[in-house]
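**Q**
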Amino acid sequence: MLYGIVAAITALFLAAVLTALLRGPALRLGLHDRRQRQRRVPLFGGAAVVLATCLVAVAGDWTGIAPLGDGIEVLLVAGGAVAALGLVADVWRLNARFLVVGTAVAAAFVVPYDDTGPVAGAAGVGWITFVALAFRSLDHADGVAGTVGVVTAFGVAACAAVEVMDGLAVLLSVFAAALTGFLMHNWPPARVALGACGSLFAGFLLAAAAVITRAGHDPVTGTAVLFALTAVAGADVALVVLSRRLAGRPLLRGGPDHLAHRLRRLGITAQGATVLIAAAAFSAVLAGVLVHAGRADARAVWWVAGGALVVVFGLLRVAVYGPPRARGRRAARAGRPSRARGARRGGVRVADGSHEVRPAARPGAGPAPVYAPRRQSEDAAHHPDPGERRAGRSASPQVKASLRVRNG
Numbered sequence: 130m131l132y133g134i135v136a137a138i139t140a141l142f143l144a145a146v147l148t149a150l151l152r153g154p155a156l157r158l159g160l161h162d163r164r165q166r167q168r169r170v171p172l173f174g175g176a177a178v179v180l181a182t183c184l185v186a187v188a189g190d191w192t193g194i195a196p197l198g199d200g201i202e203v204l205l206v207a208g209g210a211v212a213a214l215g216l217v218a219d220v221w222r223l224n225a226r227f228l229v230v231g232t233a234v235a236a237a238f239v240v241p242y243d244d245t246g247p248v249a250g251a252a253g254v255g256w257i258t259f260v261a262l263a264f265r266s267l268d269h270a271d272g273v274a275g276t277v278g279v280v281t282a283f284g285v286a287a288c289a290a291v292e293v294m295d296g297l298a299v300l301l302s303v304f305a306a307a308l309t310g311f312l313m314h315n316w317p318p319a320r321v322a323l324g325a326c327g328s329l330f331a332g333f334l335l336a337a338a339a340v341i342t343r344a345g346h347d348p349v350t351g352t353a354v355l356f357a358l359t360a361v362a363g364a365d366v367a368l369v370v371l372s373r374r375l376a377g378r379p380l381l382r383g384g385p386d387h388l389a390h391r392l393r394r395l396g397i398t399a400q401g402a403t404v405l406i407a408a409a410a411f412s413a414v415l416a417g418v419l420v421h422a423g424r425a426d427a428r429a430v431w432w433v434a435g436g437a438l439v440v441v442f443g444l445l446r447v448a449v450y451g452p453p454r455a456r457g458r459r460a461a462r463a464g465r466p467s468r469a470r471g472a473r474r475g476g477v478r479v480a481d482g483s484h485e486v487r488p489a490a491r492p493g494a495g496p497a498p499v500y501a502p503r504r505q506s507e508d509a510a511h512h513p514d515p516g517e518r519r520a521g522r523s524a525s526p527q528v529k530a531s532l533r534v535r536n537g
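Be aware that the sequence shown starts at 130, since it is given in our numbering, and climbs by one per residue.
(1) Any contact of the region 315-335 with the region 175-194, i.e. 3+ C-beta pairs under 8 Å?
(2) According to the Cβ coordinates, are residue 141 and residue 306 closer than 8 Å?
(3) Ordered along the chain, which non-local residues of its own chain (more than five positions away) have a Cβ less than 8 Å from that of residue 319?
(4) Rounded to whole angstroms, what is the Cα-Cα separation between residue 291 and residue 268?
(5) Going by C-alpha to C-alpha distance, which of 201, 203, 180 and 436 sits closest to residue 416?
(6) Thinking just about the alpha-carbon of each residue, which of 385, 404 and 225 is nearest to the one in residue 445?
(7) What residues match up with residue 421 in a beta bridge as DSSP calls it?
(8) What does DSSP give as the partner residues of residue 387 in its beta bridges?
(9) Thinking C-alpha only, which one of 294, 451 and 281 is nearest residue 196?
(10) When you compare only the Cα positions, how much space is there between residue 299 and residue 186?
(11) When you compare the region 333-348 with the region 245-256, are there three or more beta-carbon pairs, one atom per stretch, that lie closer than 8 Å?
(12) What did DSSP end up calling residue 346 once you bin it into helix, strand or coil?
(13) Would you give the residue range spanned by the alpha helix (DSSP H) that residue 242 belongs to?
(14) Using 10 angstroms around the beta-carbon of residue 281, count the other beta-carbons present and answer buried if the total reaches 16, otherwise exposed.
(15) Can you check whether the CB of residue 380 is closer than 8 Å to the CB of residue 392?
(16) Measuring only between beta-carbons, confirm whether residue 347 sits less than 8 Å from chain C.
(17) Where DSSP assigns a beta bridge to residue 171, which residues make up the other side?
(18) For the alpha helix (DSSP H) containing residue 292, name the first residue and the last one.
(19) So for residue 315, helix, strand or coil by DSSP?
(20) Could you tell me which of 138, 429 and 219 sits nearest to residue 189, measuring between CA atoms?
(21) Can you grab the Cα-Cα spacing for the pair residue 541 / residue 286, in whole Å?
(22) How close, in whole Å, do the beta carbons of residue 322 and residue 433 come, if the pair is a contact with beta carbons under 8 Å?
(23) Return the CA-CA distance between residue 136 and residue 303, expressed in angstroms with no decimal places.
(24) If I measure Cβ to Cβ from residue 351 and keep anything under 6 Å in the same chain, skipping five residues before and after, which residues do I get?
(25) Counting along the chain, where does the alpha helix (DSSP H) carrying residue 201 start and finish?
(26) Return the first residue and the last residue of the alpha helix (DSSP H) that residue 363 is part of.
(27) Please report how far the alpha carbon of residue 296 lies from the alpha carbon of residue 204, in whole angstroms.
(28) Pull up the distance between the alpha-carbon of residue 161 and that of residue 390, whole angstroms please.
(29) Going by CA-CA distance only, name the one from 371, 278 and 407 that's closest to residue 447.
(30) Ignore the nearest five residues each way along the sequence and tell me which others in residue 215's own chain have a CB closer than 8 Å to its CB.
(31) Am I right that residue 356 and residue 363 are in contact with their C-beta atoms under 8 Å? What's the rounded C-beta distance?
(32) Provide the residue span of the alpha helix (DSSP H) that contains residue 321, from first to last.
(33) Quick check on residue 265: does DSSP put it in helix, strand or coil?
(34) Tell me whether residue 207 is buried or exposed, calling it buried when 16 or more other Cβ atoms sit within 10 Å of its Cβ.
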């Protein structure tokens with residue numbers, strides 16, 4: 130127990146230091162969160178979490194201070210491979226199908242098929258892949274994925290401790306401590322982001338550890354426990370999918386439609402939204418741990434499912450999508466007529482910049498006349514001398530002389 134505490138403290142400080150050190154290279158390389166529009170948040174925070182977790186776990190196992198046990202090395206290697214895939218997605222725009230296939234292949238190596246069977250094992254592979262991608266989706270705001278990951282890691286570690294899986298419990302404790310060190314820099318307003326590297330690693334490690342812990346138990350109760358342990362991530366995915374389907378938007382097109390985004394629309398601060406989501410995760414994880422330990426009946430998970438449905442359908446009523454850009458530009462052009470449109474409609478441009486619209490001409494009558502003062506020429510033909518006589522009119526010199534005297 131003391132060895133696990135020492136390993137966790139070491140992982141916490143190591144992750145905090147590595148996160149601060151890797152922030153500068155991410156800024157210089159231009160690797161920042163593309164979803165942030167108001168400010169740039171550099172990535173590589175997830176790389177710091179992965180490095181701290183792997184280094185402390187491997188060092189503890191190699192020195193014998195905190196041995197991991199059989200099978201945990203495979204889990205750590207598979208998690209590292211998923212983290213490397215996420216790092217590639219952070220640096221280059223990687224297609225989502227490569228993330229799905231790569232995560233599923235890594236999950237196929239960690240599922241204990243001897244205890245689960247082939248059918249349940251295949252379902253476990255699919256569930257691990259789903260949770261890993263759900264945690265990547267949960268990394269949509271400052272502090273959300275890290276806080277939910279810490280709460281879930283402690284819950285899964287408690288389930289592993291109930292099953293006397295000390296090595297798995299130590300690994301999860303080290304991971305939770307590394308996430309806590311990362312949260313020192315990721316708490317709103319964040320100075321560094323988790324990225325696909327850290328979020329995929331977090332979701333994969335937590336989901337795989339939960340599957341290993343529940344292997345060999347009743348599949349119905351196991352499904353309930355697995356759902357409760359990751360209810361917040363699943364609710365976020367369900368909320369996003371439903372809202373984009375109802376709005377007719379592509380599923381892979383990003384937008385401010387996640388849990389924290391909608392809570393912010395309700396007037397809650399960034400810190401308050403993170404705390405509320407963490408509290409919801411703690412309630413769901415607590416229910417899952419109690420059911421796994423036999424302290425509560427499996428029907429307690431129905432309360433978690435009901436709460437998740439209330440949250441999803443309640444937040445669906447929060448408007449998050451604006452009008453389409455093309456439609457907005459078309460409406461703006463309709464609101465302010467252009468010069469050509471005004472000219473076609475017979476509009477006359479006046480001194481204040483507005484248009485005076487004349488009634489349209491009758492069909493077949495030709496263009497409508499424009500009653501505006503004509504511009505006079507500056508030559509002598511249009512400006513005759515006052516003493517000259519115009520054609521068709523006679524000017525009396527006596528009248529002009531009297532006018533000059535009267536007008537001064």
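Where a beta carbon is used, it is the ideal one built from N, C-alpha and C, also for glycine.
All figures in this text were calculated on a predicted structure; none of them were measured in a lab.
**A** The relevant details are as follows:
(1) yes
(2) yes
(3) 170, 271 and 272
(4) Inter-residue distance for residue 291 and residue 268 is about 30 Å (C-alpha atoms, whole angstroms).
(5) Among 201, 203, 180 and 436, the Cα nearest to that of residue 416 belongs to 436.
(6) Nearest C-alpha to residue 445: 385.
(7) None, per the DSSP bridge assignment.
(8) The bridge partners DSSP lists for residue 387 come to none.
(9) 294
(10) 8 Å
(11) yes
(12) coil
(13) 242-245
(14) In summary, residue 281 is buried, with 16 or more beta-carbon neighbours lying within 10 Å of its beta-carbon over all protein chains present.
(15) no
(16) The question asks about chain C, but that chain is absent: this structure has only one protein chain.
(17) 161
(18) Where residue 292 is concerned, there is no enclosing alpha helix (DSSP H), given that its DSSP letter is neither H nor E.
(19) helix
(20) Taking the Cα of residue 189 as reference, the smallest distance to any Cα among 138, 429 and 219 is reached at 138.
(21) Because the chain is modelled from 130 through 537, residue 541 falls outside the range shown and cannot be assessed.
(22) Going by Cβ atoms, the distance from residue 322 to residue 433 rounds to 29 Å, so no, they are not a contact pair.
(23) About 6 Å.
(24) 343
(25) Residue 201 -> alpha helix (DSSP H) spans 201-220.
(26) 360-376
(27) 11 Å
(28) 19 Å
(29) 371
(30) Residues 175, 228, 265, 324, 325, 326, 327, 328, 329 and 330 of the same chain have their beta carbon placed closer than 8 Å to that of residue 215, with the five preceding and five following residues left out of the count.
(31) 7 Å
(32) From DSSP, residue 321 is part of no alpha helix (DSSP H); its letter is neither H nor E.
(33) helix
(34) Only buried fits residue 207, as 16 or more other CB atoms lie within 10 angstroms of its CB.
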